[in-house]
Amino acid sequence: MAEVLVVVESSGGTVKKVTLEMLTLARSLGEPAAVVLGAPGTAAPLVDKLGEYGATKVYAAESAEIDEHLVAPKATALAQLVKAVSPAAVLIGSTQEGKEIAGRLAVKLDNGVLTDAVELAADGTATQVAFAGSTIVKSKVTKGLPLVTVRPNSLTPSPAAASPSVEQVEVALADTDKLAVVTKRVAEAKGARPELTEASIVVSGGRGVASAENFKIIEELADLLGAAVGASRAATDSGFYPHAFQVGQTGKTVSPQLYIAVGISGAIQHRAGMQTSKTIVAVNKDTEAPIFELADFGVVGDLNQVVPQASEEIRKRR
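Going left to right, the sequence shown walks through residues 19 to 336 as my numbering numbers them.
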């Protein structure tokens, strides 16, 4: 069975969820092989987790030069590996860096590339969602191997234990790969809440929350549930909550087990970022709000009464 290369995304020695999704997807296409690109020692703390989700091999393309420069060295290292092992497909997370790696890799291999896939069939046919979820597109690379970026939160990762072997990959970079140098890295300050795209529960507020100060009732409910906090574009544009927490077509895509939409009308742009959530609960005083068409459970009422009451009931049960 041919290998399917999965480019690993990690942070602080932890594998990101999108990588686990891609490993799950790769098992239906061939034999999953994880590719770690980074500084020396990056792969070691990731191997067990990668094996837990089906990676039978871990290619460790590690060098100080990859870490000290931007994306170009990663694309070069990956291109060299693809030529050496001739995989059945290459899966890359559809993140900002992942898309750039995929684009550079496609040029180096003279290969087609598909972005933002939510499914990938065994024959390489990708399913993509277009126009804020209103159109489903089926696409296939017609030149080269299936080179696909996978949209985060497109499927639920499932474990399939394996014992991966680790193979060191020699990286030979050209001078043109080193034109952009990383001079400084600043770690983003994180609170106690889970990261938005990784959370199993998300509580989001919209324009109906009415003010930045009133977002505290959204945060309170989220904290009681161990959830992440999200916001609609209307809420972020109004200054109620930072844009980094925006869920939707122009924000982040989430697919938690539980999504609670508070004071969100349910415009198609917002739905594009959360409609794959497993269970959706909506709170809105407008009985005609489009969000109720998507919700599994709906509460018609004033969020300023409903949400504090829900929080109080949760406290009683803790």
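The C-beta atom is built at its ideal place from N, Cα and C for all residues, glycine as well.
Alpha carbon to alpha carbon, what distance is there between residue j and residue i?
i: Ala-300; j: Val-147; result: 23 Å
i: Gly-162; j: Glu-137; result: 19 Å
i: Gly-111; j: Ala-120; result: 9 Å
i: Leu-276; j: Gly-244; result: 11 Å
i: Phe-310; j: Val-89; result: 42 Å
i: Ile-286; j: Gly-226; result: 17 Å
i: Tyr-15; j: Leu-38; result: The structure shown does not extend to residue 15, since the chain is modelled only from 19 to 336, so the question has no answer here.
i: Ala-7; j: Gly-281; result: Outside the shown range of the chain (19 to 336) lies residue 7, about which nothing can therefore be said.
i: Glu-206; j: His-261; result: 15 Å
i: Glu-238; j: Gly-266; result: 22 Å
i: Gly-284; j: Gln-327; result: 23 Å
i: Asp-141; j: Arg-169; result: 19 Å
Output needed for residue i: all residues of its chain with C-beta closer than 6 Å, excluding positions within five of it in sequence on either side, in chain order.
i: Val-318; result: Thr-305
i: Leu-14; result: The question about residue 14 has no answer here: the residues shown for the chain are numbered 19 through 336.
i: Tyr-259; result: Phe-233, Ala-249, Ala-253
i: Ala-52; result: Val-24, Val-26, Leu-68, Ala-73, Val-76
i: Val-108; result: Leu-23, Leu-165
i: Lys-196; result: His-87
i: Thr-60; result: Val-54, Glu-80
Going by DSSP in three states, residue i sits in which element: helix, strand or coil?
i: Glu-21; result: strand
i: Val-131; result: coil
i: Thr-201; result: coil
i: Gly-223; result: strand
i: Gly-142; result: coil
i: Val-33; result: strand
i: Ser-329; result: helix
i: Thr-113; result: coil
Excluding sequence positions up to five away, which residues of its chain have a Cβ less than 7 Å from the Cβ of residue i?
i: Lys-270; result: Leu-214, Thr-215, Gln-264, Gly-291
i: Val-199; result: Glu-86, His-87
Is residue i buried or exposed, if buried means 16 or more other CB atoms sit within 10 Å of its CB?
i: Ser-176; result: exposed
i: Ala-192; result: exposed
i: Val-155; result: exposed
i: Val-325; result: buried
i: Ser-29; result: exposed
i: Lys-296; result: exposed
i: Glu-21; result: buried
i: Val-125; result: exposed
When every heavy atom of the ligand SAM is checked, does at least one fall within less than 7 Å of the C-beta of residue i?
i: Val-166; result: This structure simply doesn't include the ligand SAM, nor any ligand for that matter.
Taking the runs of the alpha helix (DSSP H) that are 4 residues or longer, which of them lie wholly in the region 52–109? 65–70, 82–86, 90–103
Which residue spans inside the region 267–324 form an unbroken beta strand (DSSP E) run of at least 3? 276–280, 297–302, 315–318
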